[in-house]
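Note that our numbering has the sequence shown beginning at 120, numbered continuously upward. Note that CB positions come from ideal geometry on N, CA and C, so glycine has one too.
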Amino acid sequence: MSTVEMLEGTISQFLRRWLGLPRSPSSIALYGNSTMLQLPISGLSEEFKSEQSAVLGLIRHCCMPPMQQERHPGAYPQLLPEDMKKSGKLDDDRKQLQINYTHLAEESDELLTNYTDLLEERDQLHTNVTDITEDRDLCLDRYRSLAADKAQLLASYNNVAREKNNLMTSYNNLAQQKKQLATSNNDLAQQKKQLTTSNNNLEAQRNRFYSKLQSGGWIRFQSNFYFFSTESKNWHDSRADCRQRAADLVIVNSWVEEDFLSSHLQESTWMGLSDIDTEGVWKWVDGTQLTSGFWAPGEPNNVKGDEDCVHLDKGREWKWNDNTCSQPKRWTCELTF
Ligand SMILES: [Ca+2]
Ligand SMILES: [Ca+2]
Ligand SMILES: [Ca+2]
Numbered sequence: 120m121s122t123v124e125m126l127e128g129t130i131s132q133f134l135r136r137w138l139g140l141p142r143s144p145s146s147i148a149l150y151g152n153s154t155m156l157q158l159p160i161s162g163l164s165e166e167f168k169s170e171q172s173a174v175l176g177l178i179r180h181c182c183m184p185p186m187q188q189e190r191h192p193g194a195y196p197q198l199l200p201e202d203m204k205k206s207g208k209l210d211d212d213r214k215q216l217q218i219n220y221t222h223l224a225e226e227s228d229e230l231l232t233n234y235t236d237l238l239e240e241r242d243q244l245h246t247n248v249t250d251i252t253e254d255r256d257l258c259l260d261r262y263r264s265l266a267a268d269k270a271q272l273l274a275s276y277n278n279v280a281r282e283k284n285n286l287m288t289s290y291n292n293l294a295q296q297k298k299q300l301a302t303s304n305n306d307l308a309q310q311k312k313q314l315t316t317s318n319n320n321l322e323a324q325r326n327r328f329y330s331k332l333q334s335g336g337w338i339r340f341q342s343n344f345y346f347f348s349t350e351s352k353n354w355h356d357s358r359a360d361c362r363q364r365a366a367d368l369v370i371v372n373s374w375v376e377e378d379f380l381s382s383h384l385q386e387s388t389w390m391g392l393s394d395i396d397t398e399g400v401w402k403w404v405d406g407t408q409l410t411s412g413f414w415a416p417g418e419p420n421n422v423k424g425d426e427d428c429v430h431l432d433k434g435r436e437w438k439w440n441d442n443t444c445s446q447p448k449r450w451t452c453e454l455t456f
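Put into structure tokens, the structure is as follows:
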């Protein structure tokens, strides 16, 4: 193989290798991220420099001017005519190669620019990732806070639900009680109605009874009725007459009653007080013992030795006197309600 053929092979290999690479920015983008692209660029730069040095060496060796080759005979091979022809073609290829080299340099600069842009984009993406990470952490904190609030709200809801159940139970109990009270109220209203009717009937009966008493000579004072006899009997017969009238001899409970009696009396009158059972111990006909009375001055004196019954004495302003029970006197009956 001649020197020119060796040079042509080397140049063809160089051209295939370099002119076969992707040349547009869109094709370069196919290389992926910046890290993947950086390694091929560095390797290609070194390889390019090596190939460039080899080609330039061959060019200098084969295309040295004849004057220099004559100064250094034997240092350069002697070119044949056909070699000279190929040398001209080689010179054209060298120029074309120089043009391609310039293009490659421009593409290299463009690749470098793209690489720098990718680095900036990577940094921007890194910043974005950092921001998103911070946002994610904030969201996570917010999520945990909301989860805690949710748990608290759930606990409160459960408490309220329990209170609601308790209130519902109380409400049902109260509703039951209300129903029972309504029933009782209706029963009581019915009873009240019946009692009102009975009361009205009793009042009517009482009024008829009062009328009958008054028509029979009884006199009403406050809530009691009094019968004043016009005939005279001993104390025991007088009391028997009162009891026959469903009453008893009068019991003087107050000065007002004493005054009422004195205003209606005309003669001395038996009253329901005696010491028949025990001398000196005065008892009313209802069994109660006398505590204070309206005695005439000096009474009771039991002057006759058996003065065991008491009457209102006309001669001494209707004050009381003990006297023998066998004496006939008028009497006064009292009917209490
Ligand atoms: Ca009385
Ligand atoms: Ca006596
Ligand atoms: Ca007396």
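Inset, instruction - Kindly identify the DSSP beta-bridge partner or partners of residue 339. - result: Against the sequence shown, residue 339 aligns to sequence position 220. Per DSSP, 344.
Inset, instruction - Inspect the CB distances between the region 376-392 and the region 437-445 and report whether three or more fall short of 8 Å. - result: yes
Inset, instruction - Go to residue 207, then tell me how far its alpha helix (DSSP H) extends in each direction, as first and last residue. - result: Residue 207 sits at position 88 when you count from the first residue of the sequence shown. Its alpha helix (DSSP H) spans residues 200-334.
Inset, instruction - Following the continuous beta strand (DSSP E) through residue 364, name the residue where it begins and the one where it ends. - result: One-based indexing of the sequence shown puts residue 364 at position 245. It is not in any beta strand (DSSP E) - residue 364 carries neither H nor E in the DSSP assignment.
Legend entry - residue 378: first and last residue of the uninterrupted alpha helix (DSSP H) it sits in: In the sequence shown, residue 378 corresponds to position 259, counting from 1. From DSSP, the alpha helix (DSSP H) with residue 378 extends over 374-383.
Legend entry - residue 355 versus residue 323 - alpha carbon distance: In the sequence shown, the residue the question calls residue 355 occupies position 236. In the sequence shown, the residue the question calls residue 323 occupies position 204. Going by C-alpha positions, residue 355 is about 35 Å away from residue 323.
Inset, instruction - Compute the distance between the beta-carbons of residue 332 and residue 380, then report whether it is under 8 Å. - result: Taking the sequence shown and counting its residues from 1, one reaches residue 332 at position 213. Taking the sequence shown and counting its residues from 1, one reaches residue 380 at position 261. The answer is no: Cβ separation not under 8 Å.
Inset, instruction - Please confirm if the region 442-453 is in contact with the region 341-350, defined as three or more CB-CB distances below 8 Å between the two stretches. - result: yes
Legend entry - Rounded C-alpha distance that separates residue 200 from residue 206: Here residue 200 corresponds to residue number 81 of the sequence shown, with the count starting at 1. Here residue 206 corresponds to residue number 87 of the sequence shown, with the count starting at 1. One C-alpha to the other measures close to 9 Å.
Inset, instruction - Look at the Cβ atom of residue 391, then the Cβ atom of residue 403, and state whether they are nearer than 8 Å. - result: By 1-based counting over the sequence shown, the position of residue 391 is 272. By 1-based counting over the sequence shown, the position of residue 403 is 284. Their beta carbons are under 8 Å apart, which means residue 391 touches residue 403 by this criterion.
Inset, instruction - Give me the Cα-Cα distance between residue 217 and residue 252, rounded to the nearest whole angstrom. - result: By one-based count along the sequence shown, residue 217 stands at place 98. By one-based count along the sequence shown, residue 252 stands at place 133. Their Cα atoms are separated by approximately 51 Å.
Legend entry - Three-way DSSP call (helix, strand, coil) for residue 453 in this model: What you label residue 453 is simply residue 334 of the sequence shown in a count that begins at 1. Correct three-state label for residue 453: strand.
Inset, instruction - Please classify residue 260: is it buried, with 16 or more other beta-carbons within 10 angstroms of its beta-carbon, or exposed? - result: In the sequence shown, residue 260 corresponds to position 141, counting from 1. Its Cβ having fewer than 16 others within 10 Å, residue 260 is exposed.
Inset, instruction - Would you list the residues whose beta-carbon is nearer than 7 Å to any heavy atom of ligand 3, in the order they occur in the chain? - result: 418, 419, 420, 421, 422, 426, 440, 441, 442
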